[in-house]
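First comes the structure, then the notes that go with it.
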Amino acid sequence: MTTLVDYLARSADRAPDHVAVAHAGTSITYRELDIYSDVLAARLVRAGARPGERVVIGLPAGIDLVVSVWAVLKTGAAYVPIDSHSPPARRDLIIERIKPTAVIAAPHPTYGDRSVDVRFAYEEKQEPFARRNFAPGTPAYILHTSGSTGVPKGVVLTHRNATAFVDWAVDEFAIMATDRIAGHAPAHFDLSTLDLFGAAKASAALMPVPTRAKMFGAELARFIQDTKITLLYCVPTALTMLSQSASEENLISLRRILFAGEVCPPATLRTMASLTPGAAYTNLYGPTETNVCTFHHVTAPDRVKDSVPMGRPISGVRTWIEPSEGQEGRGELVVAGPTVAVGYWEDPEQTSKRFLELDDGRGYRTGDVVIQDAQGVLHFRGRSDRQVKTRGHRVELDEVESILRSHPAIEDAAVFAVADHAMTNLLIAAVTSKDATITSRQIRKDCARQLPAYAIPTAVSIMREFPLTSTGKVDRIELSNRLAITPSTQPVTNH
Amino acid sequence: MTVQEQIRRYVIDEMGWSGEQKTLTDDLDLIDHHVLDSLAVVELSTLLEQWYGFRVEATELVYANFNSLGAIAKYVEHKRVAVQ
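Protein chains in written order, with our numbering: chain A, 1 to 495; chain S, 1001 to 1084.
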């Protein structure tokens, strides 16, 4: 049985001089990545990192981040990536719950003496690091997703969960040492695991995408051209941005484009296909809790008219539908197999609610409502709860409402998702308040202390009271009429 | 109000600028400092269209035009001249 660490060991042995990571004009080889991560691992072991422990990483995309991820994995501890620009309150909450033995990030009072400087990795004077053996069932990383109570949920994934997906992906997409993989997703987003670990397994080069190229389609197009990216894995929102400003010449090196996280607009696929005549497109599906679990190769992206199916399970994974009452062939998708996570960090209640103990491993209730066609292909039809996607990020409307309700000037809050072609969904909030001085601007500003930017409602309407139904509940239909909005009846989410 | 002032007001009021106002200088890199994210750039470009009555083309949504208050002001001036 292998662990993720074996990927790097093999590449350092078999392709020591291949570029492992290139970023902002600097690059390191697999030999260097192996040495630097050994040096940092020795320092982390001294801080207490070992199997069963956790190390938080809060670095921006780049070589330091990749070195840190491998260093933590080598100690047997799990890495917990946090957005280096997330609101301090959210960051502190995660640190408090995770109780890390070390934090690799710019120093901050919250971390105290747990701070470890990534520059240790590059010091001349090195501490020896003895390779450790640990079981594939050891936690490798914990990723945080939106939680309905206002506290982010930490999804615990093991080495086996990750290798079950990465082994399949490297084989299915024939990823090779000559590939140049764009690191588009941030480390706290699960799309990043294919970039990080797929590259290491295949001895390919990982090219983390600079911030500015993630923000502007034209910059991303130029980055792809300049660095000759062959494989791009990103959310459809990024493809939409790219399709609006790229030329065929910009994208000539791309051979495969993978997308996940939300439903891809057919128009985006058609435009992208016209700009990349030789490239292949694949839709990947899977919540963070199951890793990628189904896939669909798009056979004629230039002629796509309807939304792309979720497809079929990847090897080793089984899926089935728990039929909804009175709805034949339609219901909640359940996923089981080696890619399914252990559960939520220190949350047995939520874990037992969503995860299943099966004879052959674990299963997960996705909350995604699907149908299966005559060919056995799965199609997404909506959510069974109040989770929505906005710009590829998963947001629980309950979490946003809970944060709004905790505001001193707010009594009650209702948040709606409204379909938007560029962002998938916009979040629109209505709140009740007796405070005549509070403004929507101030509320949005206050939200920014606790919520990531994508989860802050675009607009906040302040009312004296909400319309109620005959049973005394908030009348959300009447409320949406007053706001003159049409909420997404089937919230568009596909990941 | 100058273009710089109007955009500075937008960054402070709408983008939840948490730093001291004097640190928000005309040449502070708004992208590298994560003051503006991709949604904010799209929002801001829509506002510029409303405020100044020109169209922001997709090809103009580039780092060079949106990296600082100064760069945005320069871009706006350039567009206004072109419109006239």
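Backbone N, C-alpha and C fix where the C-beta goes; we use that ideal spot for every residue, glycine too. All of these numbers come straight from a predicted model, not from anything done at the bench.
Give a yes or no on whether the minimum CB-CB distance between D1027 (chain S) and chain A is below 8 Å. Locating residue 1027 (chain S) in the second sequence gives position 27, counting from the first residue. Not one chain A Cβ lies under 8 Å of D1027 (chain S).
Is the CB of V1081 (chain S) under 8 Å away from at least one CB in chain A? As a working mapping, residue 1081 (chain S) is identified with position 81 in the second sequence. Closer than 8 Å: no.
Could you tell me if M423 (chain A) is buried or exposed, where buried requires 16 or more neighbouring beta carbons within 10 angstroms of its beta carbon? Position 423 of the first sequence, counted from the first residue, corresponds to residue 423 (chain A). M423 (chain A) is buried by the Cβ-count criterion.
How far does the beta strand (DSSP E) with Y364 (chain A) in it reach, from first residue to last? In the first sequence, the residue the question calls residue 364 (chain A) occupies position 364. Note, Y364 (chain A): beta strand (DSSP E), G361 to Q372.
DSSP-derived helix/strand/coil call for M463 (chain A): Along the first sequence, one-based indexing puts residue 463 (chain A) at 463. Looking at M463 (chain A) - three-state DSSP - the assignment turns out to be strand.
Could you compute how far the alpha carbon of Y233 (chain A) sits from the alpha carbon of H297 (chain A)? Counting from 1 along the first sequence, the entry for residue 233 (chain A) is found at position 233. Counting from 1 along the first sequence, the entry for residue 297 (chain A) is found at position 297. Each residue's Cα considered, the two are about 14 Å apart.
Could you pull out every residue in the same chain whose Cβ sits closer than 6 Å to the Cβ of W1051 (chain S), ignoring the five residues on either side in sequence? Within the second sequence, residue 1051 (chain S) is the residue found at index 51, counting from 1. The answer is none, since no qualifying residue turns up.
When you compare each of A:N425, A:A419 and A:E396 to P152 (chain A) by their alpha carbons, which one comes out closest? As a working note, residue 152 (chain A) is residue 152 in the first sequence. If we check each option's Cα against that of P152 (chain A), A:E396 comes out closest.
Quick check on L479 (chain A): does DSSP put it in helix, strand or coil? By 1-based counting over the first sequence, the position of residue 479 (chain A) is 479. If DSSP states are grouped into helix, strand and coil, L479 (chain A) belongs with the helices.
Can you name the residues of chain S whose CB is closer than 7 Å to the CB of A422 (chain A)? Reading the first sequence from its first residue, position 422 is the one you call residue 422 (chain A). Per Cβ cutoff of 7 Å: V1042.
Are the Cβ atoms of F1066 (chain S) and L1036 (chain S) separated by less than 8 Å? The residue given as residue 1066 (chain S) occupies position 66 in the second sequence. The residue given as residue 1036 (chain S) occupies position 36 in the second sequence. Cβ atoms of F1066 (chain S) and L1036 (chain S): closer than 8 Å.
Taking the straight line between their C-alpha atoms, what separation do you get for A279 (chain A) and I257 (chain A)? Start at 1 with the first residue of the first sequence, and residue 279 (chain A) comes out as number 279. Start at 1 with the first residue of the first sequence, and residue 257 (chain A) comes out as number 257. So the two alpha carbons sit approximately 7 Å from each other.
Check distances from the C-beta atoms of the region 304–328 of chain A to those of chain S and list, in chain order, the residues that come in under 7 Å. none
Where the beta strand (DSSP E) through G25 (chain A) begins and ends: Residue numbering aside, residue 25 (chain A) sits at position 25 when the first sequence is read from its first letter. Element bounds for G25 (chain A): n/a, residue is neither H nor E.
Going by CA-CA distance only, name the one from A:A453, A:V67, A:Q350 and A:L254 that's closest to S274 (chain A). In the first sequence, residue 274 (chain A) corresponds to position 274, counting from 1. Closest by alpha carbon: A:L254.
May I have the straight-line CA-CA distance separating A186 (chain A) from S192 (chain A), to the nearest angstrom? On the first sequence, residue 186 (chain A) is found 186 positions in, with the first residue counted as 1. On the first sequence, residue 192 (chain A) is found 192 positions in, with the first residue counted as 1. In the sequence under discussion, the amino acid at residue 186 (chain A) is Pro, which differs from the Ala named in the question. Computed Cα separation, rounded: 6 Å.
Once DSSP output is grouped into helix, strand and coil, what is the label at A135 (chain A)? For the purposes of this step, residue 135 (chain A) is taken as the residue at position 135 of the first sequence. A135 (chain A) falls in the coil class under three-state DSSP.
Contact list for the region 212–223 of chain A against chain S, Cβ threshold 8 Å: R212, K214, M215, F216, G217, A218 and E219
Any residues in the region 1049–1065 of chain S with a beta carbon nearer than 7 Å to a beta carbon of chain A? Which ones, in chain order? A1058, T1059, L1061, V1062 and Y1063
Identity of the residue in A:K125, A:D420 and A:Q372 nearest Q327 (chain A) by Cα: To locate residue 327 (chain A), count along the first sequence from 1; it is residue 327. Selected option, being the one with the closest Cα: A:Q372.
Just to confirm my understanding: we take S1045 (chain S), look at its own chain, exclude 5 residues before and 5 after, and list those with CB closer than 6 Å. What are they? Your numbering for residue 1045 (chain S) matches position 45 in the second sequence. Cβ within range, chain order: V1056.
Any beta carbon from chain A within less than 8 Å of E1014 (chain S)'s own beta carbon? Here the question's residue 1014 (chain S) lines up with position 14 in the second sequence. Output row for E1014 (chain S): interface = yes.
Along chain S, which residues have their Cβ under 8 Å away from the Cβ of G453 (chain A)? Residue mapping note: residue 453 (chain A) aligns to position 453 of the first sequence, counting from 1. The residue asked about is misnamed: residue 453 (chain A) is Ala in this sequence, not Gly. Residues of chain S passing the Cβ test: D1037, L1039 and A1040.
Under 9 Å between beta-carbons, which chain A residues line up against I1007 (chain S)? List them in chain order, please. Taking the second sequence and counting its residues from 1, one reaches residue 1007 (chain S) at position 7. Neighbours of I1007 (chain S) on chain A: none; closest Cβ ~15 Å, over 9 Å.
Can you tell me the Cβ-Cβ gap for Y364 (chain A) and V334 (chain A), rounded? I've got them flagged as a contact below 8 Å. Looking up residue 364 (chain A) in the first sequence gives position 364. Looking up residue 334 (chain A) in the first sequence gives position 334. Between V334 (chain A) and Y364 (chain A) the Cβ distance is about 7 Å, and since that is below 8 Å, they are a contact.
Do you know offhand how far Y1063 (chain S)'s Cα is from R212 (chain A)'s? Your numbering for residue 1063 (chain S) matches position 63 in the second sequence. Your numbering for residue 212 (chain A) matches position 212 in the first sequence. Their Cα atoms are separated by approximately 6 Å.
With distance defined between alpha-carbon atoms, name the residue in A:P338, A:A41 and A:P348 nearest to D360 (chain A). Position 360 of the first sequence, counted from the start, is the residue given in the question as residue 360 (chain A). Checked all of A:P338, A:A41 and A:P348; the closest Cα to D360 (chain A) is A:P338.
Member of A:H184, A:D420 and A:I229 whose CA lies at the smallest distance from the CA of I175 (chain A): For this step, residue 175 (chain A) is matched to residue 175 along the first sequence. Cα-wise, what sits closest to I175 (chain A) is A:I229.
How many Å lie between A238 (chain A) and I224 (chain A) at the Cα? The count along the first sequence starts at 1 and reaches residue 238 (chain A) at position 238. The count along the first sequence starts at 1 and reaches residue 224 (chain A) at position 224. Near 13 Å, if we compare the C-alpha coordinates of I224 (chain A) and A238 (chain A).
Check the C-beta distance from L1061 (chain S) over to G367 (chain A) and give it rounded, since I have them as a contact under 8 Å. Counting from 1 along the second sequence, the entry for residue 1061 (chain S) is found at position 61. Counting from 1 along the first sequence, the entry for residue 367 (chain A) is found at position 367. Actually they do not touch by this definition, with Cβ atoms about 35 Å apart.
In chain order, what are the residue ranges of uninterrupted beta strand (DSSP E) at least 3 long that sit wholly in the region 38–72 of chain A? 54–58
Quick test of your reading: G62 (chain A) and P208 (chain A), contact by CB under 8 Å. State the CB separation rounded to the nearest angstrom. Numbered from 1 along the first sequence, position 62 holds the residue referred to as residue 62 (chain A). Numbered from 1 along the first sequence, position 208 holds the residue referred to as residue 208 (chain A). Yes, G62 (chain A) and P208 (chain A) are in contact; Cβ-Cβ is about 6 Å, under 8 Å.
With DSSP collapsed to three states, give me the class of T2 (chain A). In the first sequence, residue 2 (chain A) corresponds to position 2, counting from 1. Looking at T2 (chain A) - three-state DSSP - the assignment turns out to be coil, as it is neither helix nor strand.
When you compare each of A:H184, A:D179, A:H188 and A:R222 to K201 (chain A) by their alpha carbons, which one comes out closest? In the first sequence, residue 201 (chain A) corresponds to position 201, counting from 1. With distances taken between Cα atoms, K201 (chain A) lies closest to A:D179.
Roughly how many angstroms separate the alpha carbons of G13 (chain A) and R119 (chain A), rounded to a whole number? As a working mapping, residue 13 (chain A) is identified with position 13 in the first sequence. As a working mapping, residue 119 (chain A) is identified with position 119 in the first sequence. A small fix is needed here, since residue 13 (chain A) is Asp in this sequence, not Gly. When rounded, the distance between both Cα atoms is 24 Å.
G150 (chain A) versus T390 (chain A): straight-line alpha-carbon distance, rounded: As a working note, residue 150 (chain A) is residue 150 in the first sequence. As a working note, residue 390 (chain A) is residue 390 in the first sequence. Straight-line Cα distance between these residues: approximately 17 Å.
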